[in-house]
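A.B. asks: If you're matching them up, the sequences are chains A and B in order. Counted from 1, the first sequence has number 139 at position 139 by the numbering used here; the numbering is strictly sequential. Counted from 1, the second sequence has number 887 at position 402 by the numbering used here; the numbering is strictly sequential.
There are 2 protein chains.
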Amino acid sequence: MMIRNPFFRLAIGLTLSLSITLLIGAWVERPKAQTPNVVLFFMDDMGYGDLGVTGALGYSTPNLDRLASEGTRFTNFLAAQAVCTASRAALLTGCYPNRLGLYGALGPGSPIGINPNEETLAELLKEKGYRTGIFGKWHLGDRHQFLPLQNGFDEYFGVPYSHDMWPLHPNQANAHYPILNLIEGNTPFKAVNTLEDASAITSALTERAVGFIRNHRKEPFFLYVPHPLPHVPLAASARFAGKSRRGLYGDVMMEIDWSVGEILAELKKQGLDKNTLVIFTSDNGPWLNYGDHAGSSGGFREGKGTSFEGGQRVPCLMRWPGVVPAGRVSNKLLSTLDILPTVAKLCGARQPKNRIDGVDIVTLLKGDDSATPREQFLYYYRKNSLEAVRKGDWKLVFPHPGRTYEGYLPGQGGKPGPSTETHAIQGGLYDLQRDPGERYDVRGQHPEIVAELEKLAEAAREDLGDELQNRIGKNARPVGREGGQ
Amino acid sequence: MMIRNPFFRLAIGLTLSLSITLLIGAWVERPKAQTPNVVLFFMDDMGYGDLGVTGALGYSTPNLDRLASEGTRFTNFLAAQAVCTASRAALLTGCYPNRLGLYGALGPGSPIGINPNEETLAELLKEKGYRTGIFGKWHLGDRHQFLPLQNGFDEYFGVPYSHDMWPLHPNQANAHYPILNLIEGNTPFKAVNTLEDASAITSALTERAVGFIRNHRKEPFFLYVPHPLPHVPLAASARFAGKSRRGLYGDVMMEIDWSVGEILAELKKQGLDKNTLVIFTSDNGPWLNYGDHAGSSGGFREGKGTSFEGGQRVPCLMRWPGVVPAGRVSNKLLSTLDILPTVAKLCGARQPKNRIDGVDIVTLLKGDDSATPREQFLYYYRKNSLEAVRKGDWKLVFPHPGRTYEGYLPGQGGKPGPSTETHAIQGGLYDLQRDPGERYDVRGQHPEIVAELEKLAEAAREDLGDELQNRIGKNARPVGREGGQ
Numbered sequence: 001m002m003i004r005n006p007f008f009r010l011a012i013g014l015t016l017s018l019s020i021t022l023l024i025g026a027w028v029e030r031p032k033a034q035t036p037n038v039v040l041f042f043m044d045d046m047g048y049g050d051l052g053v054t055g056a057l058g059y060s061t062p063n064l065d066r067l068a069s070e071g072t073r074f075t076n077f078l079a080a081q082a083v084c085t086a087s088r089a090a091l092l093t094g095c096y097p098n099r100l101g102l103y104g105a106l107g108p109g110s111p112i113g114i115n116p117n118e119e120t121l122a123e124l125l126k127e128k129g130y131r132t133g134i135f136g137k138w139h140l141g142d143r144h145q146f147l148p149l150q151n152g153f154d155e156y157f158g159v160p161y162s163h164d165m166w167p168l169h170p171n172q173a174n175a176h177y178p179i180l181n182l183i184e185g186n187t188p189f190k191a192v193n194t195l196e197d198a199s200a201i202t203s204a205l206t207e208r209a210v211g212f213i214r215n216h217r218k219e220p221f222f223l224y225v226p227h228p229l230p231h232v233p234l235a236a237s238a239r240f241a242g243k244s245r246r247g248l249y250g251d252v253m254m255e256i257d258w259s260v261g262e263i264l265a266e267l268k269k270q271g272l273d274k275n276t277l278v279i280f281t282s283d284n285g286p287w288l289n290y291g292d293h294a295g296s297s298g299g300f301r302e303g304k305g306t307s308f309e310g311g312q313r314v315p316c317l318m319r320w321p322g323v324v325p326a327g328r329v330s331n332k333l334l335s336t337l338d339i340l341p342t343v344a345k346l347c348g349a350r351q352p353k354n355r356i357d358g359v360d361i362v363t364l365l366k367g368d369d370s371a372t373p374r375e376q377f378l379y380y381y382r383k384n385s386l387e388a389v390r391k392g393d394w395k396l397v398f399p400h401p402g403r404t405y406e407g408y409l410p411g412q413g414g415k416p417g418p419s420t421e422t423h424a425i426q427g428g429l430y431d432l433q434r435d436p437g438e439r440y441d442v443r444g445q446h447p448e449i450v451a452e453l454e455k456l457a458e459a460a461r462e463d464l465g466d467e468l469q470n471r472i473g474k475n476a477r478p479v480g481r482e483g484g485q
Numbered sequence: 486m487m488i489r490n491p492f493f494r495l496a497i498g499l500t501l502s503l504s505i506t507l508l509i510g511a512w513v514e515r516p517k518a519q520t521p522n523v524v525l526f527f528m529d530d531m532g533y534g535d536l537g538v539t540g541a542l543g544y545s546t547p548n549l550d551r552l553a554s555e556g557t558r559f560t561n562f563l564a565a566q567a568v569c570t571a572s573r574a575a576l577l578t579g580c581y582p583n584r585l586g587l588y589g590a591l592g593p594g595s596p597i598g599i600n601p602n603e604e605t606l607a608e609l610l611k612e613k614g615y616r617t618g619i620f621g622k623w624h625l626g627d628r629h630q631f632l633p634l635q636n637g638f639d640e641y642f643g644v645p646y647s648h649d650m651w652p653l654h655p656n657q658a659n660a661h662y663p664i665l666n667l668i669e670g671n672t673p674f675k676a677v678n679t680l681e682d683a684s685a686i687t688s689a690l691t692e693r694a695v696g697f698i699r700n701h702r703k704e705p706f707f708l709y710v711p712h713p714l715p716h717v718p719l720a721a722s723a724r725f726a727g728k729s730r731r732g733l734y735g736d737v738m739m740e741i742d743w744s745v746g747e748i749l750a751e752l753k754k755q756g757l758d759k760n761t762l763v764i765f766t767s768d769n770g771p772w773l774n775y776g777d778h779a780g781s782s783g784g785f786r787e788g789k790g791t792s793f794e795g796g797q798r799v800p801c802l803m804r805w806p807g808v809v810p811a812g813r814v815s816n817k818l819l820s821t822l823d824i825l826p827t828v829a830k831l832c833g834a835r836q837p838k839n840r841i842d843g844v845d846i847v848t849l850l851k852g853d854d855s856a857t858p859r860e861q862f863l864y865y866y867r868k869n870s871l872e873a874v875r876k877g878d879w880k881l882v883f884p885h886p887g888r889t890y891e892g893y894l895p896g897q898g899g900k901p902g903p904s905t906e907t908h909a910i911q912g913g914l915y916d917l918q919r920d921p922g923e924r925y926d927v928r929g930q931h932p933e934i935v936a937e938l939e940k941l942a943e944a945a946r947e948d949l950g951d952e953l954q955n956r957i958g959k960n961a962r963p964v965g966r967e968g969g970q
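1) Beta-carbon separation of Ile279(A) and Met253(A) under 8 Å?
2) Report the CB separation of Gly136(A) from Leu91(A) in whole angstroms; it is logged as a contact under 8 Å.
3) For chain A, check one thing: does any of its Cβ atoms lie closer than 8 Å to the Cβ of Ala834(B)?
4) Starting from Pro932(B), trace the beta strand (DSSP E) both ways and give me its first and last residue.
5) Measure the alpha-carbon distance for Leu714(B) versus Gly965(B) and round it to whole angstroms.
6) Look at the Cβ atom of Leu337(A), then the Cβ atom of Tyr96(A), and state whether they are nearer than 8 Å.
7) From the DSSP output, in three-state form, read off Asp972(B) for me.
8) Return the residue from the list Lys900(B), Lys876(B), Glu891(B) and Arg867(B) that minimises the CA-CA distance to His885(B).
9) How would you list, in chain order, the residues of chain B whose beta-carbon sits under 7 Å from the beta-carbon of Phe300(A)?
10) CB-CB under 8 Å to Gly109(A), same chain, minus the five flanking residues each way: which ones, in chain order?
11) Considering Cys569(B), what are the terminal residues of the alpha helix (DSSP H) in which it resides?
12) Under a three-way DSSP split, which group does Arg693(B) fall into?
13) Within the chosen definition, does the region 789 to 800 of chain B reach the region 766 to 775 of chain B through at least 3 CB pairs nearer than 8 Å?
14) Would you decide whether Glu196(A) is buried or exposed? Buried here means 16 or more other CB atoms lie within 10 Å of its CB.
15) Cβ atoms of Ala541(B) and Ser744(B): under 8 Å apart, would you say?
16) Taking the CB atoms as reference points, tell me whether Thr617(B) and Phe642(B) lie closer together than 8 Å.
17) Run down chain B in chain order and give the residues with a C-beta less than 7 Å from the C-beta of Asp369(A).
18) From the beta carbon of Asp164(A), is the nearest beta carbon of chain B less than 8 Å away?
19) Just to confirm my understanding: we take Phe841(B), look at its own chain, exclude 5 residues before and 5 after, and list those with CB closer than 8 Å. What are they?
20) Taking its Cβ as the centre, do 16 or more other Cβ atoms sit within 10 Å of Thr61(A), making it buried, or is it exposed?
21) Given that a residue counts as buried once 16 or more other Cβ atoms are within 10 Å of its Cβ, and exposed if not, what is Pro963(B)?
22) With distance defined between alpha-carbon atoms, name the residue in Gln469(A), Asn117(A), Asp273(A) and Ala68(A) nearest to Asp257(A).
23) Grab the span of the alpha helix (DSSP H) containing Pro62(A) for me, first residue to last.
24) Does Tyr925(B) have its Cβ less than 8 Å from a Cβ in chain A?
25) From this set, Ala676(B), Val538(B) and Gly670(B), which residue's C-alpha is nearest Cys801(B)'s C-alpha?
26) Buried or exposed: Lys817(B), going by 16 or more other Cβ atoms within 10 Å of its Cβ?
27) Which residues in the same chain have their Cβ closer than 7 Å to the Cβ of Ala558(A), if we skip the five residues on either side of it in sequence?
28) Please state whether DSSP places Asn470(A) in a helix, a strand or coil.
29) Take Gly534(B) as the anchor and find which of Ala829(B), Arg786(B), Leu587(B) and Ala942(B) has the nearest alpha-carbon.
30) If we define contact as Cβ-Cβ less than 8 Å, is Pro921(B) a contact residue for chain A?
31) What are the start and end residues of the beta strand (DSSP E) that includes Tyr161(A)?
32) Since Pro886(B) is in the beta strand (DSSP E), which residue starts that stretch and which ends it?
33) Gly784(B) and Gly299(A) look like a contact to me (Cβ under 8 Å); what is the Cβ gap, rounded to whole Å?
34) For Ala676(B), write down the residues that DSSP places opposite it in a beta bridge.
35) Note down, one range per segment and in chain order, each alpha helix (DSSP H) of at least 4 residues found wholly within the region 758 to 843 of chain B.
36) Secondary structure at Leu22(A), three-state DSSP: helix, strand or coil?
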């Protein structure tokens, strides 16, 4: 049928034009609606105060500072536990690490590791069609079944545990550790025999991460970059050695900043920076016992291995242009636990079948600070001991035996100071809004807050247990053991 | 003479076109080459940790956070002394306040004030054709000859000293202070009789500051906005009261953030934001004795009235689009002392005739972090006692009698805790790069650094004196006295 009425012809023409315009518009707009690539940087023992934006002195971190100004910085973000394996287990599962039975730092040949029944962030994204790669430190078990390729990653290159777990480390000479191997896929690739070898790790991982982006630029990808540094033993490449005013620690930080810059530059080069969610954070606070070879808590109390803020408050930057507001700062209470559910949701992946502890913070991430997704509470465990609970910015620390760095002169030149373990920590109620340094115990002034936090603690003990009180929680799940289970 | 050669005619035509283009270009570009307007915000007792970008919890400061991301933030910036009058004297003269004999906090009717022979920043800019206005707290003497209009300002509206110096303040009832007057020009304008009056101060000053910009949009101006808050007694307008999760202190901070936002919006509205240098900082750290009515040092040790970092490290933001890099962070050691010579230079004004202690940081401000303009050292005085010296990020604190907040439960609801004065402070050598909280005295480990800092202290004593050692410096200048001198 020919349409002769010129009005109709005009109307149809306009409709067609409009449709084509809308179609083109939809196509042009598609990148925004697409699920993003994900680049997740996870540093080792980097303290809250180690970035330019958080007040680092003696060196600069221009790439990280720029990342912060292009995205949102979270100033009230806590690692799930203040030790390596525990924190990484939480990152990849969204669970308090004691729910999984994974805490402390697993040694070489450990009979336990991540339980294959736990679903990792990598598995969820892989199921959704993402290419998944990890270039860096794993530390969730170094036996075959625990390694990354058996837990959701397509590609792996890095160290399986901390790089102080080797015979050449200045203060581990009697630990009888095996030689540290870099792992490629599932097999040893190259032994790290000297500090010179270690000094090449950051640049080698950077090269792999950049290559991963280049190779997979045409498919969605999840790139996990857990740098083994600035954990001791420190080592910087010749390009950065001696370059900072803060000695080797500053040099190492400059190299890490460079690494982040290289990886972000590759995203840009491939035209992917607009459609990639970048997350940068750390596993726990600084190992202050190492003095000039340790980072800075930025003035927060204590450091790694403690449940004071210096142990668990870590830097956190997130960038996704057009989705995560630029130049914004959020002070909502958040945790490493929240990364898995948030990233899974943004990527259109499902949530894990097992119960997890993290909450999806997508609304907050997009700029709505009125959203209080995690009901603003958090438990501070060390291993399976409940050392503190938090509600909003009130924190109740229970008396406990633990680590302290205060009153101890730290070590120098890579050697640690005297042992800092098993002191009697008094505890107290702290108002972190006006006392971020946890100096003033105000239990006496706020009995009603103490009661409220005690209730939260009871819920934690019921759920997860508390060795301080010899309590076994109901909902802990079995850790992965040799042979799997 | 007619030019007949068509080539010449073309050449002349092109030259003329080019000249016109260049002229238009120069005219369009002029704002960049012009000397800038200056807006200087100077807060009262606002701590390092009181901004979103420096980790404030319980409220947000979106306008200040945006200002930080649009300009450069300085994380190693120190007030010249940790008390009100002293710090303000340094700001407006570029001198250590003890060089001028001005320290502590001048009370109502004080016989001393700023010496009319000192050249203030306002005088230098006024001489250069700037319109100068101050809307807020003066505190450099409240007798006629000491007031702003006699010291370089064309316009003044605000309080002459701290607004806790009034009879209605909860803990000043026995001080026999006169009723606090707002001053307009040189004369009392309106008595501040109640906290409700005080709650209107921030918005009233904001209105005046906005009006000043509007009135003088066509001439260069210097606008100085020293808000009397968040110093106690706290008061917020009905619009902000009860709005933060941090009680009245958070409400007051939200109102100050709003005020900054209003003033920046007026700059934008008048098309002046591109040609205005904006500086935001504070006179000293938080008055921790006031507990929930005090700000946060962000984890730094101690607060107002002490020479620990919590007393003198203050937030500092500077913005001048196209000149001061956006989204940048600098950790170079800087001081309130440096504002006068820097602003004078940027505005094409001369430097003061008298010797000053500040240094011009223009190169650094423009983005060159390799510049070390102030040779990276600083003296920490309280009144005329040299309590500490700094070189780079090493700080040597001398044993001294002084204020401490540690171990004292702070007050609540606007009432202070117990007196915190005249304790025996032990002192020590601190490496602020890895120990920003000044917890580890490393004198024993670094005798050569102690010797170097002792030398600097000797130079300070020779120059400025030291009451701790009963030394009188050679280069102190006479304070202003009644009748002028």
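Idealized CB from N, CA, C, for every residue including glycine. Only a predicted model underlies this, so the values are computations on that prediction, with no experimental measurement involved.
C.D. replies: Put simply:
1) To locate residue 279(A), count along the first sequence from 1; it is residue 279. To locate residue 253(A), count along the first sequence from 1; it is residue 253. Result no, Cβ atoms of Ile279(A) and Met253(A) do not sit closer than 8 Å.
2) Numbered from 1 along the first sequence, position 136 holds the residue referred to as residue 136(A). Numbered from 1 along the first sequence, position 91 holds the residue referred to as residue 91(A). With a Cβ gap of about 12 Å, Gly136(A) and Leu91(A) do not count as contacting.
3) Sequence index remark: in the second sequence, residue 834(B) carries index 349 (1-based). With 8 Å as the cut-off, Ala834(B) does not count as an interface residue toward chain A.
4) On the second sequence, residue 932(B) is found 447 positions in, with the first residue counted as 1. Pro932(B) -> not in any beta strand (DSSP E); alpha helix (DSSP H) instead, spanning Pro932 to Leu949.
5) Counting from one through the second sequence, the residue named residue 714(B) turns up at place 229. Counting from one through the second sequence, the residue named residue 965(B) turns up at place 480. Looking at the two C-alpha atoms, the distance is approximately 26 Å.
6) Counting from one through the first sequence, the residue named residue 337(A) turns up at place 337. Counting from one through the first sequence, the residue named residue 96(A) turns up at place 96. Yes, they are a contact pair.
7) Within the shown structure, residues of chain B are numbered from 486 to 970, placing residue 972(B) beyond reach of any answer.
8) The residue you call residue 885(B) lines up with position 400 of the second sequence. Among Lys900(B), Lys876(B), Glu891(B) and Arg867(B), the Cα nearest to that of His885(B) is on Arg867(B).
9) Sequence index remark: in the first sequence, residue 300(A) carries index 300 (1-based). Within chain B, the residues near Phe300(A) are Gly784.
10) Translated into the one-based positions of the first sequence, residue 109(A) becomes position 109. Closer than 8 Å at the Cβ level, and outside the excluded window around Gly109(A), lie Asp142, Arg143 and Pro178.
11) Within the second sequence, numbered from 1, the residue matching residue 569(B) stands at position 84. From DSSP, the alpha helix (DSSP H) with Cys569(B) extends over Cys569 to Thr578.
12) Counting from 1 along the second sequence, the entry for residue 693(B) is found at position 208. Correct three-state label for Arg693(B): helix.
13) yes
14) As a first step, residue 196(A) is located in the first sequence; it is residue number 196 there, counting from the start. Label assigned to Glu196(A): exposed.
15) Start at 1 with the first residue of the second sequence, and residue 744(B) comes out as number 259. Start at 1 with the first residue of the second sequence, and residue 541(B) comes out as number 56. Going by C-beta atoms, Ser744(B) is not nearer than 8 Å to Ala541(B).
16) For the purposes of this step, residue 617(B) is taken as the residue at position 132 of the second sequence. For the purposes of this step, residue 642(B) is taken as the residue at position 157 of the second sequence. No; because the gap between Cβ atoms is not below 8 Å, this pair is not in contact.
17) Residue 369(A) sits at position 369 when you count from the first residue of the first sequence. Within 7 Å Cβ-Cβ: Ser545.
18) For the purposes of this step, residue 164(A) is taken as residue 164 along the first sequence, with counting starting at 1. Not one chain B Cβ lies under 8 Å of Asp164(A).
19) For the purposes of this step, residue 841(B) is identified with residue 356 of the second sequence, where counting begins at 1. One detail in the question is off: residue 841(B) reads as Ile in this sequence, not Phe. Cβ within range, chain order: Thr578, Gly579, Cys580, Leu822, Leu825 and Pro826.
20) Counting from 1 along the first sequence, the entry for residue 61(A) is found at position 61. Per the 10 Å Cβ criterion, buried.
21) By one-based count along the second sequence, residue 963(B) stands at place 478. When all chains shown are included, Pro963(B) counts as exposed.
22) Here residue 257(A) refers to the residue found at position 257 of the first sequence. Nearest of Gln469(A), Asn117(A), Asp273(A) and Ala68(A) to Asp257(A), Cα basis: Ala68(A).
23) Indexing the first sequence from 1 puts residue 62(A) at position 62. Looking at the DSSP string, the run of the alpha helix (DSSP H) that includes Pro62(A) is Pro62 to Glu70.
24) One-based indexing of the second sequence puts residue 925(B) at position 440. Taking Cβ atoms only, chain A reaches closer than 8 Å to Tyr925(B), which makes this a yes.
25) By one-based count along the second sequence, residue 801(B) stands at place 316. If we check each option's Cα against that of Cys801(B), Val538(B) comes out closest.
26) By 1-based counting over the second sequence, the position of residue 817(B) is 332. When all chains shown are included, Lys817(B) counts as buried.
27) Chain A is shown only over 1 to 485; residue 558(A) falls outside these bounds and no answer can be derived.
28) Against the first sequence, residue 470(A) aligns to sequence position 470. In this structure, Asn470(A) counts as coil in the three-state DSSP scheme.
29) To locate residue 534(B), count along the second sequence from 1; it is residue 49. Closest by alpha carbon: Arg786(B).
30) Position 436 of the second sequence, counted from the start, is the residue given in the question as residue 921(B). It does: the Cβ of Pro921(B) has a partner Cβ on chain A nearer than 8 Å.
31) Start at 1 with the first residue of the first sequence, and residue 161(A) comes out as number 161. Run containing Tyr161(A): none; DSSP gives neither H nor E here.
32) Start at 1 with the first residue of the second sequence, and residue 886(B) comes out as number 401. Counting along the chain, the beta strand (DSSP E) containing Pro886(B) begins and ends at His885 to Gly887.
33) Against the second sequence, residue 784(B) aligns to sequence position 299. Against the first sequence, residue 299(A) aligns to sequence position 299. Gly784(B) to Gly299(A), Cβ: 3 Å. Contact.
34) Within the second sequence, residue 676(B) is the residue found at index 191, counting from 1. In the DSSP output, where bridge partners are listed per residue, Ala676(B) has Asn666(B).
35) 794 to 797 and 824 to 831
36) Along the first sequence, one-based indexing puts residue 22(A) at 22. Unreliable positioning characterises Leu22(A) in this predicted model, as indicated by a pLDDT of 45, which lies under 50. The coordinate reading is nonetheless provided below. Helix at Leu22(A).
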